[in-house]
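Numbering (our numbering), first residue to last: 50 to 175. Beta carbons are placed, not taken as given, at the ideal position from N, Cα and C, and that holds for glycine. Since the model is a prediction, treat every value here as computed from it, not as a measurement. One structure is given here, and the rest of the page talks about it.
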């Protein structure tokens with residue numbers, strides 16, 4: 050989440066496109082990571098910077114695995130860092146199953162309904 054990327058509203062003449070200046074220097078980028086079990090948000094983690102394979106692996110090892118019970122299924126989207134060998138091994142070593150959503154299907158990913166309101170509220174809090 051980059052607070053320089055969102056504009057809540059703008060003004061322009063009727064029928065004209067609204068333009069806004071964007072500062073050249075970006076502020077802090079924050080990533081919220083978490084899981085969803087039923088309707089319950091679980092294993093939250095906040096990271097400054099971009100998410101990558103190392104961040105994903107740390108989240109799996111330190112936050113997600115301790116919350117899982119053997120036999121549970123973990124469903125992830127197709128972000129490249131979700132598909133690392135270490136992620137798969139950690140989840141399977143915990144006695145759980147790993148499945149991936151079909152490509153380009155955020156509509157099938159229920160956690161997107163959690164992130165959307167959070168992203169809309171975050172700029173006023175950060």
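Residue range of the unbroken beta strand (DSSP E) whose run includes residue i
i	result
residue 109	Residue 109 -> no beta strand (DSSP E), and no H or E assigned at all.
residue 124	122-125
Environment of residue i [buried if 16+ CB atoms lie within 10 Å]
i	result
residue 139	buried
residue 99	exposed
residue 105	buried
residue 77	exposed
residue 51	With a pLDDT of 47 at residue 51, under the threshold of 50, the modelled position of that residue is not reliable, and no figure is offered here.
residue 108	buried
residue 62	exposed
residue 125	buried
residue 113	buried
residue 143	buried
residue 135	exposed
Three-state secondary structure (DSSP) of residue i
i	result
residue 148	strand
residue 59	coil
Residue span of the alpha helix (DSSP H) that contains residue i, given as start and end
i	result
residue 142	134-142
Nearest to residue i (by Cα), restricted to the options the options
i	options	result
residue 70	60, 64, 79 and 88	60
residue 79	94, 128, 124 and 159	94
residue 123	97, 159 and 102	159
residue 96	88, 87 and 82	82
| query | Taking only runs of the beta strand (DSSP E) that begin and end inside the stretch 66-93, which ones reach a length of at least 3 residues, in chain order? | reply | 79-86
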